[in-house]
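Beneath this line is the structure, given in structure tokens, with notes to follow.
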Amino acid sequence: MIYRCLTTFGRYLLLMGRTFSVPERMRMFWKQYVKEMAQLGINSIGIVLLISFFIGAVICIQMKMNIESPWMPRWVAGYTTREIMLLEFSSSIMCLILAGKVGSNIASELGTMRVTQQIDALEIMGVNSACYLILPKILGLLTIMPVLVVFSSAMGIIGAYGTAYIGHIMPPDDLTLGLQHDFVPWFLWMSIIKSQFFAFIISSVPSYYGYTVEGGSVNVGKASTNAVVSSSVLILFSDVFLTQLLS
Amino acid sequence: MLKNISTVFEDGITNLIIGQSGSGKTVLMKNLVGLLEPTSGQVLYDGRDFVGMSKQEKVQMRREMGMIFQSAALFDSLTVLENVMFPLDMFSSMTFRERQRRAQECLERVNLTEDAHRKYPGEISGGMQKRVAIARAIVLQPKYLFCDEPNSGLDPKTSLVIDELLHSITHEYKMTTIINTHDMNSVMGIGENILFIFEGQKEWQGVSADIMQSTNQRLTDFIFASDLLKEMRQAVVKT
Chain U
5 MIYRCLTTFG RYLLLMGRTF SVPERMRMFW KQYVKEMAQL GINSIGIVLL
55 ISFFIGAVIC IQMKMNIESP WMPRWVAGYT TREIMLLEFS SSIMCLILAG
105 KVGSNIASEL GTMRVTQQID ALEIMGVNSA CYLILPKILG LLTIMPVLVV
155 FSSAMGIIGA YGTAYIGHIM PPDDLTLGLQ HDFVPWFLWM SIIKSQFFAF
205 IISSVPSYYG YTVEGGSVNV GKASTNAVVS SSVLILFSDV FLTQLLS
Chain P
11 MLKNISTVFE DGITNLIIGQ SGSGKTVLMK NLVGLLEPTS GQVLYDGRDF
61 VGMSKQEKVQ MRREMGMIFQ SAALFDSLTV LENVMFPLDM FSSMTFRERQ
111 RRAQECLERV NLTEDAHRKY PGEISGGMQK RVAIARAIVL QPKYLFCDEP
161 NSGLDPKTSL VIDELLHSIT HEYKMTTIIN THDMNSVMGI GENILFIFEG
211 QKEWQGVSAD IMQSTNQRLT DFIFASDLLK EMRQAVVKT
């Protein structure tokens, strides 16, 4: 088990070594980079906004319903909604969701390219296939991730306002007061820094699983599943360390 | 597993590697193009040892190679024209118009009409995909062309078209072409130098004209597997 983990980690490092090299043709790299940013990032904005809106709304309702007490200030629901969205949801939980969407996409795309010999065709042409295929994915997701984090936080807060204005759960003024109370700008940066680590995991780990597929379509499916499970576990582990480190 | 294979593939002609499924043809080809590293021995290209080359030298060397895979291996996300332009985009200093013109020339050479240029690989037939793969392989005018079972999955008529195309392009571009096949039409039709592999070892080498007269039992068992071919051979031997 330990031997297998170390072997996999070693192979992953070797692949990353090949990936982080100077692209053969910058023009082709930029083309791929923009394409991957759109495919992995821009195409995920919809799902991120949708989930963030509802989670923001639900957190606000839960806080209002369960913490309400004469001893608690009226702004506490807004305050906790903001802190949860900013500190955990918009970085960690959103990245867990993206690990499923983006991770399986990357692993199955590269896996299919491997089994249909498209990666071999690149190698025969003298192209560094790892650099050409994986580097734009990693850099593309790293670039777009802060945008997703900010959008997610903002949409969560809009969701909370939705409960106040539409659901009349609490007066909007109380919510605004809570959202503005004791705001620490560092928390936003912390969220973005954490998301950068997670973006690297989400793009590089599935790339490894997809790129190293052997066999046929069944193995592509297995690689896709392994990629999602491994990147999710790694996100959870690194979340613990990063939170400790950055808090 | 390959053992004791020592052979020369001649310049400017169509060389064939034949053998049963699992005999080691694809492994041999992967060793030739560097997708696999032999545990011992040498692969020499005009005297240059490919196995002993540095990574950078191998990359340079690979630009002199073109390859057509069994599955065509076209890039799904690119159109036919973009697939053929890809090697030019990567390695040439031509302008966009020049690259486009060169890719169109190659597509015309393999008889693909302009309607197909904007289509994606998934939208064209297997035979057309193979022709696109040929166009992509020759776009940089390689010195060496490798084809791994180019007729696999094609009907007999389309197979003949592909064979004829490979043969004529080999002579036109003065390339050294090496084809892995177990298609008997290819063997008899375009094989100018034939290497027969049996269980990972070189069993026989010669030209197609020699096959009819060959006394090598394994070769004749492989080539004349069907009753019809056996009868044909007997007729040739009698005359």
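From first to last, the protein sequence lines are chains U and P. Per the numbering used here: the first sequence ends with 251, consecutive numbering throughout. Per the numbering used here: the second sequence ends with 249, consecutive numbering throughout. Yeah, the Cβ is synthetic: ideal placement off N, Cα and C, and Gly gets one too. Bear in mind the structure is a predicted one, so any value in this text is a computation, not a measurement.
Please go through the same chain and pick out, in chain order, the residues whose beta-carbon is closer than 7 Å to the beta-carbon of residue i, but skip the five residues on each side of it.
i                : result
Ser211 (chain U) : Ile110, Leu114, Ile138 and Lys141
Met63 (chain P)  : Met71
Leu53 (chain U)  : Phe155 and Met159
Met174 (chain U) : Lys68, Ala81 and Ala168
Ile206 (chain U) : Cys99, Leu102, Ala103, Val106, Gly107, Leu145 and Ser235
Assign residue i to one of three DSSP states: helix, strand, or coil.
i                : result
Arg12 (chain P)  : Checking the sequence, you will find Leu at residue 12 (chain P) rather than Arg. Here Leu12 (chain P) sits in coil by DSSP.
Leu45 (chain P)  : coil
Ile170 (chain U) : coil
Phe208 (chain P) : strand
Trp214 (chain P) : strand
Thr24 (chain P)  : strand
Phe245 (chain U) : helix
Thr230 (chain P) : helix
Val233 (chain U) : helix
Thr85 (chain U)  : helix
Phe24 (chain U)  : coil
Leu18 (chain P)  : Before going further, note that residue 18 (chain P) is Val rather than Leu in the sequence given. Of the three classes helix, strand and coil, the one that applies to Val18 (chain P) here is coil, per DSSP.
Gly163 (chain U) : helix
Ile138 (chain U) : coil
Gly144 (chain U) : helix
Pro175 (chain U) : coil
Arg256 (chain U) : Chain U is shown only over 5 to 251; residue 256 (chain U) falls outside these bounds and no answer can be derived.
Val154 (chain U) : helix
Val38 (chain U)  : helix
Gln122 (chain U) : helix
Gly29 (chain P)  : coil
Taking its Cβ as the centre, do 16 or more other Cβ atoms sit within 10 Å of residue i, making it buried, or is it exposed?
i                : result
Cys157 (chain P) : buried
Thr225 (chain P) : exposed
Phe187 (chain U) : exposed
Gly32 (chain P)  : exposed
Trp75 (chain U)  : exposed
Lys184 (chain P) : exposed
Gln52 (chain P)  : exposed
Arg146 (chain P) : buried
Val217 (chain U) : buried
Met30 (chain U)  : exposed
Arg118 (chain U) : buried
Met5 (chain U)   : exposed
Asn70 (chain U)  : exposed
Gln244 (chain P) : exposed
Gln223 (chain P) : exposed
Phe241 (chain U) : exposed
Ala42 (chain U)  : exposed
Thr85 (chain U)  : buried
Gly76 (chain P)  : buried
Which same chain residues end up closer than 6 Å to residue i when comparing Cβ atoms and leaving out the 5 residues on each side of it in sequence?
i                : result
Pro27 (chain U)  : Phe33 and Cys135
Met194 (chain U) : Leu250
Ser108 (chain U) : Ser228 and Val232
Thr180 (chain P) : Thr24 and Thr187
By Cβ distance below 8 Å, which residues in the same chain neighbour residue i in space, the five residues on each side in sequence not counted?
i                : result
Asn14 (chain P)  : Gln211 and Lys212
Glu20 (chain P)  : Thr186, Glu202 and Asn203
Ile134 (chain P) : Val90, Ala126 and Val142
Gln151 (chain P) : Tyr183
Phe24 (chain U)  : Cys135 and Leu139
Gln139 (chain P) : Ala82, Leu84 and Pro131
Let me check understanding here. Comparing Cα to Cα, which of the options lies closest to residue i?
i                : options                                   : result
Tyr215 (chain U) : U:Ile49, U:Ala227, U:Cys9 and U:Ile205    : U:Ala227
Ser236 (chain U) : U:Lys105, U:Ser157 and U:Gln66            : U:Lys105
Ser87 (chain P)  : P:Gly57, P:Gly62, P:Gly132 and P:Ser103   : P:Gly132
Arg111 (chain P) : P:Asp165, P:Val43, P:Gln151 and P:Leu91   : P:Leu91
Glu174 (chain P) : P:Gly57, P:Leu12 and P:Val197             : P:Val197
Arg73 (chain P)  : P:Asn93, P:Ser102, P:Val61 and P:Glu47    : P:Ser102
Leu229 (chain P) : P:Phe206, P:Leu176 and P:Ala245           : P:Phe206
Val62 (chain U)  : U:Leu44, U:Gly82 and U:Ser48              : U:Gly82
Leu117 (chain P) : P:Asp99, P:Lys35 and P:Asn93              : P:Asn93
Phe60 (chain P)  : P:Gly44, P:Met75 and P:Thr49              : P:Gly44
Leu90 (chain U)  : U:Gln36, U:Ala42, U:Phe245 and U:Pro189   : U:Pro189
Leu152 (chain U) : U:Ile51, U:Phe191 and U:Ser133            : U:Ile51
Ser162 (chain P) : P:Val171, P:Asn41, P:Thr191 and P:Gly22   : P:Thr191
Phe13 (chain U)  : U:Val224, U:Thr247, U:Ser208 and U:Gly220 : U:Ser208
Gln184 (chain U) : U:Ile49, U:Glu72, U:Val38 and U:Trp79     : U:Trp79
Taking 9 Å as the threshold (beta carbon to beta carbon), is residue i in contact with chain C?
i               : result
Val43 (chain P) : The structure shown contains no chain C; its protein chains are U and P.
Please confirm whether any heavy atom of the ligand ADP lies closer than 8 Å to the CB of residue i.
i                : result
Ser199 (chain U) : For the ligand ADP, the structure offers nothing, since it holds no ligand at all.
Which runs of the beta strand (DSSP E) at least 3 residues long sit entirely within the segment 120–206 of chain P? Give them in chain order. You should have 154–158 and 186–191.
Which parts of the segment 51–120 of chain P are runs of the beta strand (DSSP E), unbroken and 3 residues or longer, counting only runs that do not cross its ends? 75–78
What ranges does the alpha helix (DSSP H) occupy inside the segment 183–231 of chain U, keeping only unbroken runs of at least 4 residues that lie completely in it? 189–215
Write down every uninterrupted run of the alpha helix (DSSP H) in the segment 42–120 of chain U whose length is 4 residues or greater and which is fully enclosed by it, in chain order. 49–71, 80–88 and 98–119
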